[in-house]
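The structure appears right after this line, and notes come after that.
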Amino acid sequence: MGYKLKVTIDSDSGFCFGVVYAIDMAEDILTEDGYLYCLGDIVHNDEEVSRLKAKGLKIINHDDLKSINNEKVLIRAHGEAPETYKLALENNITLIDASCPVVLKLQNRIKTSYDSDEKIVVFGKHGHAEVIGLQGQTNNEALVFQSMEELEQLDLPAKFTLYSQTTKSTDTFYQIKQNLLDKGYEVKANDTICRQVSNRDKDLPEFAKKYDKIVFVSGKKSSNGKVLYEVCKKHNPNTFFVSDVSELDKNMFEEGNTVGIAGATSTPMWLMEEVKQVLESY
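If you're matching positions, the sequence shown starts at 0 in numbering that gives the first Met the number 0 and goes up one per residue.
Now the structure itself:
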């Protein structure tokens, strides 16, 4: 008989334009040259990284970069710190720069603030590739925090400029700004959050409420995936997080359930299609 699940993929889910741009650039060079070095995972999704590795993408880290000469190296959408560009010049490396335009604009604004001797505080995830690139614009002097609780522990200057990683929640950013103003800090707040990402916070609740169950598909390393999963979970407690089809379990569902599939901005559409096929086979 089967479960006869009615499955719908959220049309707004899937890669943001920054990731599409980076992957398109990588695939063009892989077709031409047969291989390409990429500094860090091109996207925070293991399934998509595996697909591109099979085409010849070679993932390297910053230590590896020091010993590479006369090669092409892709900079992914998250962007890089100035030191990376300096090293590339020294080693005659051709950088294929797929930094997201939204990230580049943010880097430039932070660099301008730093050059104007402003104290800089960044709302972002410690160790995240984008945040490392942002800190690099300030000679690693910017203070970084990833939660309100952590912010309370920081020894903040009386006057500073506040920035945000591009994939953070706009609501949380404005709550933080207001909290700081209420405490008497002189804060110049720059909303540098990508609207293609932040608008998902607004659209996703309506999508999540429509279905009996939600399957949220995302890589475990994706910051954006964690945020959007929590949005789904808040509006539909019957939300399940999976990274690939092997993590699906028939017992999550009941006969005749309506199921919505959503994903992060780093989740490929082909992976959500695979999940849909498996669910429809139950």
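C-beta atoms are modelled at their ideal positions from N, C-alpha and C, and glycine is treated no differently.
Just so it is clear, the structure is predicted and the values come from calculations on it, not from any experiment.
Next item on the list: Output the boundary residues of the alpha helix (DSSP H) element that contains Gly183.
Entry: Taken as a continuous stretch (DSSP letters only), Gly183 belongs to no alpha helix (DSSP H), as it is neither H nor E.
Note to self: According to DSSP, simplified to helix, strand and coil, what is Ala261?
What the structure shows: Strand, per DSSP.
Notebook entry, point to check: Taking the DSSP output, what are the residues bridged to Phe350?
Noted result: This structure cannot speak to residue 350, because the chain is shown only from 0 to 281.
Item checked: According to DSSP, residues forming a beta bridge with Tyr113 -> Partner(s): none; Tyr113 has no beta bridge.
Item checked: Local conformation of Asp202 per DSSP, three classes -> Asp202 falls in the helix class under three-state DSSP.
Notebook entry, point to check: In whole angstroms, what separates the C-alpha of Val244 from that of Val274?
Noted result: Cα to Cα, Val244 sits roughly 6 Å from Val274.
Next item on the list: From the DSSP output, in three-state form, read off Leu312 for me.
Entry: Examination of residue 312 is not possible in this model, given that the chain is present from 0 through 281 alone.
Checklist line | Boundaries (first-last residue) of the alpha helix (DSSP H) holding Thr83 | finding: DSSP places Thr83 inside the alpha helix (DSSP H), whose first and last residues are 81-89.
Item checked: CB-CB length for Thr238 against Ser197, believed under 8 Å -> Actually they do not touch by this definition, with Cβ atoms about 20 Å apart.
Next item on the list: Report the three-state DSSP secondary structure of Lys295 (helix, strand or coil).
Entry: In the structure as shown, the chain begins at 0 and stops at 281. Residue 295 is therefore absent and cannot be evaluated.
Margin query: Pull the bridge partners of Thr93 from the DSSP assignment, please.
Written below: Under the DSSP definition of a beta bridge, Thr93 partners with Lys71.
Note to self: Cutting at 6 Å between CB atoms, please list the residues of its own chain near Thr257, excluding the five before and the five after it.
What the structure shows: Hits under 6 Å: Lys5, Tyr210, Asp211.
Notebook entry, point to check: Roughly how many angstroms separate the alpha carbons of Glu185 and Gly123, rounded to a whole number?
Noted result: Rounded to whole angstroms, Glu185 and Gly123 show a C-alpha spacing of 20 Å.
Item checked: Three-pair Cβ contact test at 8 Å for the stretch 149-161 versus the stretch 90-97 -> With a cut-off of 8 Å, the stretch 90-97 and the stretch 149-161 do not count as touching, because too few Cβ pairs lie within range.
Check: Okay, do the stretch 134-149 and the stretch 107-126 touch, 3+ Cβ pairs below 8 Å being the bar?
Finding: By the Cβ rule, the stretch 134-149 counts as touching the stretch 107-126, because three or more pairs are nearer than 8 Å.
Note to self: Per the DSSP calculation, Ser163 is bridged to which residue(s)?
What the structure shows: Secondary-structure assignment with DSSP links Ser163 through a beta bridge to Phe122.
Note to self: On the DSSP letters alone, give me the boundaries of the beta strand (DSSP E) that Lys275 sits inside.
What the structure shows: Element bounds for Lys275: not the beta strand (DSSP E) but the alpha helix (DSSP H), 268-280.
Next item on the list: Check whether the stretch 46-61 touches the stretch 24-32, taking contact to mean three or more Cβ pairs, one atom from each stretch, closer than 8 Å.
Entry: Inter-segment contact for the stretch 46-61 and the stretch 24-32 is present: three or more beta-carbon pairs are separated by less than 8 Å.
Notebook entry, point to check: From Glu82 to Ala128, what does the alpha carbon distance come to, in whole angstroms?
Noted result: Cα to Cα, Glu82 sits roughly 14 Å from Ala128.
Checklist line | Separation of Glu254 from Gly78, as counted between CA atoms | finding: Distance between the alpha carbons of Gly78 and Glu254: 46 Å.
Item checked: Three-state secondary structure assigned by DSSP to Leu38 -> In the structure shown, Leu38 adopts extended strand secondary structure according to DSSP, grouped into three states.
Notebook entry, point to check: According to the neighbour-count rule (16 or more other Cβ atoms, all chains shown, within 10 Å of its Cβ), is Tyr228 buried or exposed?
Noted result: Around the beta carbon of Tyr228, 16 or more other beta carbons lie within 10 angstroms, which makes this residue buried.
Next item on the list: Give a yes or no on contact between the stretch 58-75 and the stretch 31-40, applying the rule of three or more CB pairs nearer than 8 Å.
Entry: Enough Cβ pairs lie closer than 8 Å, so yes.
Check: Where do the N-terminal and C-terminal ends of the beta strand (DSSP E) with Val241 fall, by residue?
Finding: In the DSSP assignment, Val241 falls within the beta strand (DSSP E) that extends over 238-241.
Next item on the list: Check each candidate in Asn189, Thr191, Thr264, Thr171 and name the one with the smallest Cα separation from Val216.
Entry: Looking from the CA of Val216, the closest CA among Asn189, Thr191, Thr264, Thr171 belongs to Thr264.
Check: What residues in its chain sit with their C-beta under 6 Å from that of Cys193, if we drop five residues either side in the sequence?
Finding: Around Cys193: Val101, Thr165.
Check: Counting along the chain, where does the beta strand (DSSP E) carrying Leu142 start and finish?
Finding: That run of the beta strand (DSSP E) goes 142-144.
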